[in-house]
Amino acid sequence: MTLRLGPLEAIAEREHVTDIVVTSDGRVWSDSGAGLKQEVVESGLDSPEVMRDFAVRLCAQLGRRLDDSCPIADASTAQGVRIHAVIAPLVPQGAALSIRLPDARRTSLEDLQACGFCPGPWIDFLRGLVRAHASILISGGTGTGKTTLLRALLGECDSDERIVTVEEIRELAIPPKQHCESLVVREPNIEGAGGVGLEDLVKATVRMRPDRIVLGECRGEEIADLLRAFNSGHKGGMVTIHSDGIERLPARLISLGLLADMQPAATAFMAQGAFDCLIHLSRAGGLRYIEQMGRFLCRGDGSLTGDVVARWNGQSAPWYSPAWDSWRREVLGAGDEQAPYGSGTIQGKNDDDKTAVFPRVKNSDSAQATRAGMDRLGDGMQPLTEARKRAGKEDEWI
71 MTLRLGPLEA IAEREHVTDI VVTSDGRVWS DSGAGLKQEV VESGLDSPEV
121 MRDFAVRLCA QLGRRLDDSC PIADASTAQG VRIHAVIAPL VPQGAALSIR
171 LPDARRTSLE DLQACGFCPG PWIDFLRGLV RAHASILISG GTGTGKTTLL
221 RALLGECDSD ERIVTVEEIR ELAIPPKQHC ESLVVREPNI EGAGGVGLED
271 LVKATVRMRP DRIVLGECRG EEIADLLRAF NSGHKGGMVT IHSDGIERLP
321 ARLISLGLLA DMQPAATAFM AQGAFDCLIH LSRAGGLRYI EQMGRFLCRG
371 DGSLTGDVVA RWNGQSAPWY SPAWDSWRRE VLGAGDEQAP YGSGTIQGKN
421 DDDKTAVFPR VKNSDSAQAT RAGMDRLGDG MQPLTEARKR AGKEDEWI
């Protein structure tokens, strides 16, 4: 369907606009890639009554309620337009709107590098990750380019690979040439029945013969099924998550694991086995860029750390840790012959400053090794409580 945006239509049709925000006092802002800029719009949206009515009608076009009994609404179109609306009294007056528009450009890795997204030598590394079926976790704050990078990486996949995507709201817009199945959540009806959440969809993906499982954003209990899938032979997956940096990712994953009744030691061990590469994105002065790349390390005490092996500030030459070359060869495969550092700076002389207690496992060996590792850590590794088992959420290995 075609979403009618009324007084915001002209802004939405402008090239490269990805976000439109309307505050509850009727001011309009847009983002074309350089941060939010205020717009001059003769719209009448400065009237609280007009603004509320506009938000209600906008959500109604997409089959979503927005009223006093349901004052917050999220909706999206099949084309990837996303609407978030909040009405008074949750906001001071009228309504507040956030509209995310899909970028019509099919951004490639080369396009990103040309825009200053990463140093040139990293393009071959990113492409190599996809070809090696490395599992990738992309982190960053809002508007740092997580979805943009995810799209570019998916564009590097072979056209005959079966990709199964899971999203809360459809945003990825995979090119038609790809063999892709897209799953989105379904909200419960007004009686609270019929809802299908991310957890249900992630569990369903492993039964759909995927070559790659892609989760648009990991944010809750679906972490348990995701980690089980990635530790059971489903390699090459890609996931995004909100985080402040690679060093903070362990705390973020463990907190999500607790929502799924997973013990921290279980989350730590399974996360270290699930993800081959961590990529953290930042945004400064309108520039979005890859700030960090790294890996998870699981210690003997069951704790998880995020180890940064490459860092960039968006301008000067990148920094590399002593672990960079060996880690790069590990995730890309023994046959990789890239120049190891490009023009960056190497810190230190050896690679023994940090040691993963549990070595990485790959492909068909991963499920068996994960079982063995969980046995070594004992009962504390049991990820689900008896209550969840009684509710029919058994810890089954697929």
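Following the numbering used here, the numbering of the sequence shown begins with 71 at its first residue and continues without gaps.
Think of the CB as a built atom: it goes at the ideal place given N, C-alpha and C, for glycine as much as any other residue.
Neighbourhood of residue i by C-beta, 6 Å cutoff - its chain only, sequence neighbours within 5 removed
{"i": "Gly-198", "result": "Leu-402"}
{"i": "Val-272", "result": "Val-236, Glu-292, Asp-295, Leu-296"}
{"i": "Asp-144", "result": "His-154"}
{"i": "Cys-129", "result": "Leu-136, Ala-143, Ala-145, Ala-155"}
{"i": "Gln-362", "result": "Ile-316, His-350, Val-378, Arg-381"}
{"i": "Gly-215", "result": "Leu-351, Arg-358"}
{"i": "Gly-150", "result": "Pro-172, Arg-240, Glu-241, Ala-243"}
{"i": "Arg-134", "result": "Ala-143, Ala-145"}
{"i": "Ile-311", "result": "Ser-209, Cys-288"}
{"i": "Gly-105", "result": "Gly-356"}
{"i": "Gln-163", "result": "Ser-94, Pro-118"}
{"i": "Val-161", "result": "Ser-94"}
Residue i burial status per 10 Å Cβ neighbour count (16 or more: buried)
{"i": "Ile-260", "result": "exposed"}
{"i": "Glu-79", "result": "exposed"}
{"i": "Val-378", "result": "buried"}
{"i": "Ser-209", "result": "buried"}
{"i": "Pro-258", "result": "exposed"}
{"i": "Pro-159", "result": "exposed"}
{"i": "Cys-140", "result": "exposed"}
{"i": "Pro-280", "result": "buried"}
{"i": "Glu-85", "result": "exposed"}
{"i": "Ala-165", "result": "buried"}
{"i": "Thr-217", "result": "buried"}
{"i": "Gly-364", "result": "buried"}
{"i": "Glu-238", "result": "buried"}
{"i": "Thr-275", "result": "buried"}
{"i": "Ala-184", "result": "exposed"}
{"i": "Thr-93", "result": "buried"}
{"i": "Pro-320", "result": "buried"}
{"i": "Asp-331", "result": "buried"}
{"i": "Ser-313", "result": "buried"}
Beta-bridge partners of residue i, as assigned by DSSP
{"i": "Ile-349", "result": "Ile-208, Met-363"}
{"i": "Val-156", "result": "Ile-142, Ala-166"}
{"i": "Glu-237", "result": "Val-254"}
{"i": "Gly-376", "result": "Phe-366"}
{"i": "Ile-283", "result": "Val-234"}
{"i": "Arg-358", "result": "Arg-353"}
{"i": "Asp-137", "result": "Cys-140"}
{"i": "His-86", "result": "Answer is none; His-86 lacks a bridge partner."}
Spatial distance of residue i from residue j (CA atoms)
{"i": "Gly-370", "j": "Leu-328", "result": "20 Å"}
{"i": "Trp-397", "j": "Ser-325", "result": "27 Å"}
{"i": "Val-110", "j": "Arg-97", "result": "8 Å"}
{"i": "Gly-262", "j": "Val-126", "result": "21 Å"}
{"i": "Tyr-390", "j": "Gly-290", "result": "32 Å"}
{"i": "Arg-152", "j": "Leu-167", "result": "11 Å"}
{"i": "Gln-385", "j": "Gly-264", "result": "50 Å"}
{"i": "Ala-82", "j": "Gln-333", "result": "46 Å"}
{"i": "Gly-114", "j": "Leu-75", "result": "14 Å"}
{"i": "Val-284", "j": "Val-309", "result": "6 Å"}
{"i": "Phe-124", "j": "Gly-211", "result": "29 Å"}
{"i": "Leu-73", "j": "Pro-392", "result": "52 Å"}
{"i": "Trp-394", "j": "Arg-322", "result": "24 Å"}
{"i": "Leu-182", "j": "Asp-138", "result": "43 Å"}
{"i": "Leu-253", "j": "Pro-77", "result": "32 Å"}
Beta-carbon proximity list for residue i, same chain, < 7 Å, skipping 5 on both sides
{"i": "Ser-373", "result": "Ala-338"}
{"i": "Ser-205", "result": "Phe-300, Lys-305, Gly-306, Gly-307, Ala-344, Phe-345, Asp-346"}
{"i": "Cys-227", "result": "Val-200, Ile-233, Gln-248, Arg-282"}
{"i": "Ser-178", "result": "Ala-222, Gly-225"}
{"i": "Ala-148", "result": "Arg-240"}
{"i": "Gly-186", "result": "Leu-357, Tyr-359, Gly-384"}
{"i": "Gln-131", "result": "Leu-73, Arg-74"}
{"i": "Leu-268", "result": "Val-236, Glu-238, Val-255, Gly-290, Glu-292"}
{"i": "Val-120", "result": "Gly-114"}
Beta strand (DSSP E) segment containing residue i, residue limits
{"i": "Ile-311", "result": "308-312"}
{"i": "Ser-100", "result": "98-101"}
{"i": "Gly-343", "result": "Note, Gly-343: premise wrong, no beta strand (DSSP E); alpha helix (DSSP H) at 334-344."}
{"i": "Lys-273", "result": "Taken as a continuous stretch (DSSP letters only), Lys-273 belongs to no beta strand (DSSP E), being part of the alpha helix (DSSP H) at 268-275."}
{"i": "Asp-181", "result": "Element bounds for Asp-181: not the beta strand (DSSP E) but the alpha helix (DSSP H), 179-184."}
{"i": "Glu-109", "result": "106-109"}
{"i": "Ile-90", "result": "89-92"}
Near the ligand MN: residue i beta-carbon under 7 Å from a heavy atom
{"i": "Arg-256", "result": "As far as ligands go, the structure on display features none, and thus does not contain the ligand MN."}
Residue i, enclosing alpha helix (DSSP H) - first and last residue
{"i": "Arg-197", "result": "190-201"}
{"i": "Ala-321", "result": "319-329"}
{"i": "Lys-305", "result": "First-last for Lys-305: undefined, no H or E at that position."}
{"i": "Leu-402", "result": "394-402"}
{"i": "Val-126", "result": "118-131"}
{"i": "Leu-224", "result": "216-224"}
{"i": "Ala-80", "result": "79-82"}
Cut-off 8 Å between Cβ atoms - residues of its own chain near residue i, not counting five sequence neighbours on either side
{"i": "Gly-213", "result": "Asp-89, Asp-101, Arg-353, Arg-358"}
{"i": "Arg-256", "result": "Gly-264, Gly-265, Val-266"}
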